[in-house]
Every structure is written in structure tokens, then in C-alpha cells.
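Engineer: Numbering (the numbering used here), first residue to last: 90 to 319.
Can you read through this structure? Questions will come right after.
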Ligand SMILES: NC(=O)c1ccc[n+]([C@@H]2O[C@H](COP(=O)([O-])OP(=O)(O)OC[C@H]3O[C@@H](n4cnc5c(N)ncnc54)[C@H](OP(=O)(O)O)[C@@H]3O)[C@@H](O)[C@H]2O)c1
């Protein structure tokens, strides 16, 4: 890995937090972010020494540059944050939609833009999308749309950022992630050829592969047990 921190935006919970713990185990210096600096600091302390926390709101993209001003060189950048906008088209909530569209499509992009002078040629980036882009569910109007946007974003950024690598990961439903744990998912399992849902560890493995494999660039990796085949 080149010099610099591993910066995980949306690293205070779920998959981002698991990834932070993985890179900490590998000996990297890690920064995690969430909306609230105090909470981010507390979660960072739980993960362990060498992990620090920052707070900023991706839905307020004009604040991102200031929040990241003190960050030094970045070797690995991961954008994993999500706000879950359950927004059926027949009861369309504009505020919820704007919040999620802004955070994923503008906030993710502005974070990359802000850190350009701290990335080196050997740095790499992973953006989190999700299988909802291909397999919508009632209320996934905005989620499906923005995760489709992630596919487009890595194509334009891979060209503009070259030789810096950027890839996307699209998990299916991650059964042991905090958001899904305990919810009824039998119907999803029944449509998954492996007969089990992806786990957080498997998504972290796949993210690490995209971040570290020097030939992976401009790609989308699906981690869903073959869900789209049935
Ligand atoms: N879990 C799954 O099954 C699944 C499936 C497909 C795709 N994904 C994708 O994987 C990624 C991680 O999902 P997850 O389930 O692990 O997420 P999660 O547990 O809900 O965690 C979300 C993270 O985003 C941060 N966050 C939320 N709103 C934010 C905002 N406006 N600005 C900045 N940070 C914000 C949260 O921090 P604070 O709460 O501290 O602010 C937290 O760190 C997401 O992009 C999601 O779309 C997940």
C-alpha cells in the first residue's frame, strides 16, 4: 500500500465499520466518518488505536472540503454511506429523495474531488452501490436510481482520475448487516442459488480485493450469491 490513510466515509456502522476493522488489523491508519464527529470518534475508539473519526454530512456537500481539510495523504478511499429513502412513486417524498440523491451522487463525487490533491497514482477508490439498482423493491425509487448512478460514476471517474483506480461494489442483501439482521428474508434466500445471503465478511473481502488488486479498474463487482440468476 502507498503511504497514506484508509478513509472510509460511512465507516461508523455496518459494512464501512467492518472494513475499517479489517484495515486496522492489517496495520493501516484508518479514518472513519459519519454525520456526527463525536459519534465517529467514539466508534473509532471502539475499533481501536490508529483509528480516528470525523463528522460531516454528505447531503451538505458544500461542507465536505472544510471537514476534510486536515486529512493528509490518502491511500485508500471508500464511500459506503447511505441514508435509506423508502420512497414509493405514488407517495413521492421530495425531501427524502433530494437527501439521498445529493449524498450519493453529489456528496460522493465532491468527496473524491476534495481529496484529489491527497491521492497518489497508487491510490484506489471503491464506491458502494447495491443490487437494488437491478432488482427494485416497492419504495426503492431513489435507492435504485442512485445505485444505477454509481455504475455511471465509476466509468467517468476511471477516465478522469487515471491512473488512480476506481471500482464499484454492489452487494445483494447482506443478511448479517445491522440494517437487515432479524428481518424476514426467507423469500430472498429462496431466490438465491447458493441458498444463503452474502455476509459482511464476504463483502469486506470483495472490497479489499477491489482496493488492492492493481488490475481492477472501472469495474463493478456483484456480491450476492447469484441472486439475479433466479
Ligand atoms: N447492508 C446491505 O445489505 C447492503 C446491500 C446493498 C448495498 N449496500 C450498500 O452498502 C453501503 C453500506 O451499507 P450498510 O448497510 O453497511 O450501511 P449502514 O449500516 O446503514 O451505515 C451507514 C453509514 O452511513 C453514514 N451516513 C448516513 N447518512 C449519512 C450522511 N448524510 N452523511 C454522511 N454519512 C452518513 C452512517 O453514519 P452515522 O449514522 O454515524 O451518521 C453510517 O456510517 C451503502 O452504500 C449501501 O447502499 C448495503
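Every residue gets a Cβ at the ideal spot worked out from N, C-alpha and C, and that includes glycine.
According to the Cβ coordinates, are residue 210 and residue 148 closer than 7 Å?
Structural biologist: Residue numbering aside, residue 210 sits at position 121 when the chain shown is read from its first letter. Residue numbering aside, residue 148 sits at position 59 when the chain shown is read from its first letter. The criterion of a C-beta distance shorter than 7 Å is not satisfied by residue 210 and residue 148.
Engineer: To which residues does DSSP link residue 122 through a beta bridge?
Structural biologist: Here residue 122 is taken as the residue at index 33 of the chain shown, counted from 1. Under DSSP, residue 122 forms a beta bridge with 98 and 143.
Engineer: Could you check the C-alpha separation between residue 129 and residue 93 for me, to the nearest Å?
Structural biologist: Within the chain shown, the letter at position 40 stands for residue 129. Within the chain shown, the letter at position 4 stands for residue 93. Straight-line measurement puts the Cα of residue 93 at about 20 Å from the Cα of residue 129.
Engineer: Does any heavy atom of ligand 1 sit closer than 6 Å to the C-beta of residue 124?
Structural biologist: To locate residue 124, count along the chain shown from 1; it is residue 35. Residue 124: yes, Cβ under 6 Å from ligand 1.
Engineer: Which runs of the beta strand (DSSP E) spanning at least 3 residues fall entirely within the segment 153-222, listed in chain order?
Structural biologist: Along the segment 153-222, the beta strand (DSSP E) occurs as fully enclosed runs of 3 or more residues at 163-168 and 208-217, listed in sequence order.
Engineer: Between residue 286 and residue 263, which are expected to be in contact by the criterion C-beta below 8 Å, what is the C-beta distance as a whole number of angstroms?
Structural biologist: In the chain shown, the residue the question calls residue 286 occupies position 197. In the chain shown, the residue the question calls residue 263 occupies position 174. Right, their Cβ atoms sit about 7 Å apart.
Engineer: Is there at least one non-hydrogen atom of ligand 1 closer than 6 Å to the beta-carbon of residue 321?
Structural biologist: Past the boundaries of the shown model lies residue 321; the chain is included only from 90 to 319, so the question cannot be answered.
Engineer: Can we count residue 271 as close to ligand 1, meaning its CB is less than 6 Å from some heavy atom?
Structural biologist: The sequence position of residue 271 within the chain shown is 182, counting from 1. Not so, every heavy atom of ligand 1 lies at least 6 Å from the Cβ.
Engineer: Whether or not the segment 100-112 and the segment 289-298 are in contact is what I'm after, with contact meaning three or more pairs of Cβ atoms, one per stretch, closer than 8 Å; do they touch?
Structural biologist: Enough Cβ pairs lie closer than 8 Å, so yes.
Engineer: For residue 222, collect the residues of the same chain with a Cβ closer than 6 Å to its Cβ; drop the 5 residues on either side in sequence, then sort them by chain order.
Structural biologist: The residue labelled residue 222 in the question sits at position 133 within the chain shown. Answer for residue 222: 233, 236 and 237, listed in chain order.
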